[in-house]
Amino acid sequence: MAIDTEQKSPSDGKVWGIFKLPFRQTGNNTRTTPSSSSASNLYVQTQPHVEGSNHHGSAISVSSVAKSLLPTRRRLKLDPANKLYFPYEPGKQVRSAVRIKNTSKSYTAFKFQTTAPKSCFMRPPGAILAPGESIIATVFKFVEPPENNEKQMDQKSRVKFKIMSLKVKGPMDYIPEL
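In the numbering used here, the protein residues as written are 12 to 189.
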């Protein structure tokens with residue numbers, strides 16, 4: 012068995028492009044091979060180097076590709092983060108509190124949306140928060156009485172809601188629709 016001990020430097024006529032996906036290739040003589048040293052689907056692309064060629068126009072910067080691979084940063088931090096718990100009082104309006112904090116470096120507007128607007132609402136329904144500012148909002152829900160006098164303590168509510176946020180340029184007047 013012959014062993015090749017000749018080592019090639021990166022400047023031996025090849026340009027190495029990391030983070031280039033196979034469907035984003037340019038050029039005719041490109042060959043893409045999966046990298047065996049990483050589990051995050053990184054690809055190494057080899058291209059013949061032409062003297063005096065300029066690759067700046069078609070090349071994607073590493074920072075822009077890295078930003079696209081990272082998860083988006085949340086503008087708001089909610090506490091509790093996923094679920095609200097309401098006391099079980101059939102036939103009554105119950106409430107639960109959620110703390111909303113602006114973790115971004117800019118002003119952020121938010122708005123409450125729900126699948127059941129007649130039985131679930133939040134006060135305030137929306138606002139504009141300065142960077143680092145937080146607010147405690149109250150979510151109100153009408154608990155329907157059980158049918159046939161059955162006790163349904165462990166029943167999950169099918170009502171869903173979300174808090175949508177949007178980056179705004181600065182402090183402005185906000186009048187929520189009630």
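Glycine is no exception: its CB is placed at the ideal position from the N, C-alpha and C atoms.
Taking all protein chains shown into account, decide if arginine 84 is buried (16 or more other Cβ within 10 angstroms of its Cβ) or exposed. One-based indexing of the sequence shown puts residue 84 at position 73. Exposed, since its Cβ has fewer than 16 Cβ neighbours within 10 Å.
Since phenylalanine 172 contacts phenylalanine 123 with CB under 8 Å, what's their CB separation in whole angstroms? Your numbering for residue 172 matches position 161 in the sequence shown. Your numbering for residue 123 matches position 112 in the sequence shown. So it is a contact: roughly 6 Å between Cβ atoms.
For leucine 81, report the span of its beta strand (DSSP E) as first-last. Translated into positions along the sequence shown, residue 81 becomes position 70. Segment: none, leucine 81 is in no beta strand (DSSP E) and carries neither H nor E.
Residues that leucine 95 bridges to, as DSSP identifies them: As a position in the sequence shown, residue 95 is number 84, starting the count at 1. In the DSSP secondary-structure assignment, leucine 95 is not bridged to any residue.
Apart from the five residues just before and just after glycine 102, which ones in its own chain have a Cβ nearer than 8 Å to its Cβ? Residue mapping note: residue 102 aligns to position 91 of the sequence shown, counting from 1. Cβ neighbours of glycine 102 beyond the five flanking positions: Val154, Glu155, Pro156.
Only counting the same chain, and skipping five residues up and downstream in sequence, which positions put a Cβ closer than 6 Å to that of methionine 133? Sequence index remark: in the sequence shown, residue 133 carries index 122 (1-based). The residues are Phe123, Ala148, Val150.
Find the nearest neighbour of asparagine 93 within the set Ala108, Phe121, Thr119, judged by alpha-carbon distance. What you label residue 93 is simply residue 82 of the sequence shown in a count that begins at 1. Nearest C-alpha to asparagine 93: Ala108.
Anyone know if the C-beta pair for alanine 120 and isoleucine 139 falls short of 8 Å? One-based indexing of the sequence shown puts residue 120 at position 109. One-based indexing of the sequence shown puts residue 139 at position 128. Going by C-beta atoms, alanine 120 is nearer than 8 Å to isoleucine 139.
Give the straight-line distance between the Cα atoms of leucine 89 and proline 98, rounded to the nearest whole angstrom. Within the sequence shown, the letter at position 78 stands for residue 89. Within the sequence shown, the letter at position 87 stands for residue 98. For leucine 89 and proline 98, the distance between alpha carbons rounds to 20 Å.
Tell me which same chain residues have a C-beta within less than 6 Å of the C-beta of glutamate 144, skipping the five on either side of it? For the purposes of this step, residue 144 is taken as residue 133 along the sequence shown, with counting starting at 1. So the list reads Asn113, once near-sequence residues are dropped.
I'd like to know whether the C-beta of glutamate 100 is nearer than 8 Å to at least one C-beta of chain B. No chain B appears in the structure shown, which is made up of a single protein chain.
What does DSSP give as the partner residues of aspartate 90 in its beta bridges? Here residue 90 refers to the residue found at position 79 when the sequence shown is read from its first residue. When DSSP reads this structure, aspartate 90 sits in a beta bridge with Arg110.
Proline 142 beta carbon less than 8 Å from that of serine 117: Taking the sequence shown and counting its residues from 1, the one referred to as residue 117 is at position 106. Taking the sequence shown and counting its residues from 1, the one referred to as residue 142 is at position 131. Result yes, Cβ atoms of serine 117 and proline 142 sit closer than 8 Å.
Can you say whether arginine 106 is buried or exposed, counting buried as having 16 or more other CB atoms within 10 angstroms of its CB? Taking the first residue of the sequence shown as 1, we reach residue 106 at position 95. By the neighbour-count rule (16 or more Cβ atoms within 10 Å), arginine 106 is not buried but exposed.
Suppose the cutoff is 7 Å on Cβ atoms and the five residues either side in sequence are ignored; what does the same chain contact list for arginine 35 look like? Here the question's residue 35 lines up with position 24 in the sequence shown. The predicted model places arginine 35 with a pLDDT of 48, which falls under 50 and marks its position as unreliable; any figure quoted below should be read in that light. Taken in chain order, the list of residues that qualify is empty.
Among the candidates Leu87, Leu80, Leu81, Thr125, whose CA atom is the shortest distance from the CA of lysine 178? On the sequence shown, position 167 is the one that residue 178 refers to. Taking the Cα of lysine 178 as reference, the smallest distance to any Cα among Leu87, Leu80, Leu81, Thr125 is reached at Leu87.
Proximity winner among Asn159, Ser72, Ser168, relative to tyrosine 96 (alpha-carbon distances): Counting from 1 along the sequence shown, the entry for residue 96 is found at position 85. Looking at the Cα atoms, Ser168 is the closest of the given residues.
Nearest to glycine 181 by CA position, among Thr125, Ser115, Ile174, is which residue? The sequence position of residue 181 within the sequence shown is 170, counting from 1. A check of alpha carbon separations from glycine 181 across Thr125, Ser115, Ile174 identifies Ser115 as the nearest.
Between proline 101 and the ligand COA, is the CB less than 7 Å from at least one heavy atom? Of the ligands one can find in the structure shown there are none, so the ligand COA has no counterpart to examine.
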